[in-house]
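Numbering (my numbering), first residue to last: 50 to 375.
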Ligand code: AMP
Ligand code: MN
Ligand code: MN
């Protein structure tokens, strides 16, 4: 991606005053960390910044520096100059935040999803970047935007969570260089890693136990999946955020190529989350068939139907794809 694009974005950031920084529904570490990092940098520039997410700040990411600045959108719409959408492949995944904007002069769209159609006036989409947080770091450096320890820690969490702690194949030499620069900017690696990965509520582990009880294998043990019913979610009093990352327990099994998590939702749909361990199996393509999207190795969809119906449809499709891989 061209440096000229960073110049254009930098100019818009410098020349306007009122900003709204958004990301996707069911936010992850990259979404929330990126929102706070850019929001904080703009605030240091003296800008008037709103940092809104459909769900507000999640309990599990409450430790992010300045987490309180990220809230649900207000009921009364507001006028801003610039909206920046981060880490959001399609505009409707911004959820209720869009309705809280009465008017905006410019929309900026910064993302790393290959399926992002470029719905902004200014788009910076780099599918090779492992995290939106990595693109933001490059933007901040290139444009000499403010960075401090709080911003660095937010970017570090964004990059660490989207690379599976610097393990997924999208992790590059540049990712480690950036991590080193963030540590030099003040990130306390031990403290931040513990808060990110070793601070789960007990109910999350109870949820894992429940899910493992439903685990089954298809396609000669190359597909592993588990499911969460609404009744089980209610029984365990789990929050939607509690299941982030649990699918990795399936992916981690020897011989498994595709991991699938089915979550029954209250609106008559099922949330499907998919991971692949082989670049020969593109789970984004599978999810796109069902109206979803994502990345080659990590994708999702929300599919209408009962849990049993959706499991059957998705598993059939996944088995078909996996059976064509040697
Ligand atoms: P998840 O399994 O929810 O962690 O999502 C994995 C990846 O797929 C993320 O990069 C999401 O942005 C993308 N994704 C998940 N659900 C959807 C959806 N319904 N539509 C488009 N992309 C999705
Ligand atoms: Mn994300
Ligand atoms: Mn991301």
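Note that beta-carbon positions come from the ideal geometry of N, C-alpha and C, so glycine has one too.
Beta-carbon spacing of residue i, residue j below 8 Å
i: residue 168; j: residue 140; result: yes
i: residue 307; j: residue 330; result: yes
i: residue 180; j: residue 160; result: no
i: residue 182; j: residue 86; result: yes
i: residue 349; j: residue 321; result: yes
i: residue 292; j: residue 275; result: no
i: residue 194; j: residue 82; result: no
i: residue 257; j: residue 295; result: yes
i: residue 55; j: residue 97; result: no
i: residue 341; j: residue 162; result: no
i: residue 228; j: residue 78; result: no
i: residue 175; j: residue 184; result: yes
i: residue 312; j: residue 338; result: no
i: residue 146; j: residue 197; result: no
i: residue 95; j: residue 192; result: no
i: residue 245; j: residue 209; result: yes
i: residue 107; j: residue 290; result: yes
Status (buried if at least 16 other CB within 10 Å, exposed otherwise) for residue i
i: residue 199; result: buried
i: residue 128; result: exposed
i: residue 109; result: buried
i: residue 220; result: buried
i: residue 186; result: buried
i: residue 218; result: exposed
i: residue 165; result: buried
i: residue 113; result: buried
i: residue 254; result: exposed
i: residue 99; result: buried
i: residue 375; result: exposed
i: residue 105; result: exposed
i: residue 178; result: buried
i: residue 143; result: buried
i: residue 261; result: exposed
Same chain only: Cβ atoms within 6 Å of residue i, ignoring 5 sequence neighbours per side
i: residue 327; result: 306
i: residue 302; result: 273
i: residue 364; result: 267
i: residue 332; result: 323, 325 and 348
i: residue 80; result: 72, 73 and 136
i: residue 243; result: none
Sequence-distant residues of its chain with Cβ nearer than 7 Å to residue i (five each side left out)
i: residue 286; result: 252
i: residue 318; result: 351, 352 and 353
i: residue 201; result: 231, 234, 235 and 236
i: residue 149; result: 101, 122, 123, 126 and 127
i: residue 131; result: 61, 65, 68, 153, 154, 155 and 157
i: residue 300; result: 308, 324 and 326
i: residue 115; result: 85, 89 and 199
i: residue 151; result: 126, 127 and 128
i: residue 265; result: 274
Three-state secondary structure (DSSP) of residue i
i: residue 119; result: strand
i: residue 246; result: helix
i: residue 369; result: helix
i: residue 67; result: strand
i: residue 100; result: strand
i: residue 169; result: coil
i: residue 219; result: coil
i: residue 93; result: helix
i: residue 347; result: strand
i: residue 149; result: helix
i: residue 241; result: helix
i: residue 125; result: coil
i: residue 305; result: coil
i: residue 130; result: coil
i: residue 43; result: The chain is shown from 50 up to 375; residue 43 falls before or after that span and cannot be answered.
i: residue 362; result: helix
i: residue 160; result: strand
i: residue 198; result: helix
Own chain, CB closer than 8 Å to residue i, minus 5 neighbours either side, in chain order
i: residue 270; result: 304 and 305
i: residue 170; result: 155, 156 and 157
i: residue 225; result: 215
i: residue 315; result: 279
i: residue 335; result: 323, 348, 363, 366, 367 and 370
Short CB-CB distance (under 8 Å) between residue i and chain D
i: residue 103; result: The chain labelled as chain D is not found in the depicted structure, where only one protein chain is given.
Touching by the beta-carbon criterion (3+ pairs, under 8 Å), the region 76-94 and the region 120-127
no
| request: Evaluate contact between the region 235-246 and the region 274-293, counting only Cβ atoms and requiring at least three cross-stretch pairs below 8 Å. | output: no
Are at least three pairs of beta-carbons, each pair with one atom in the region 70-77 and one in the region 136-152, less than 8 Å apart? yes
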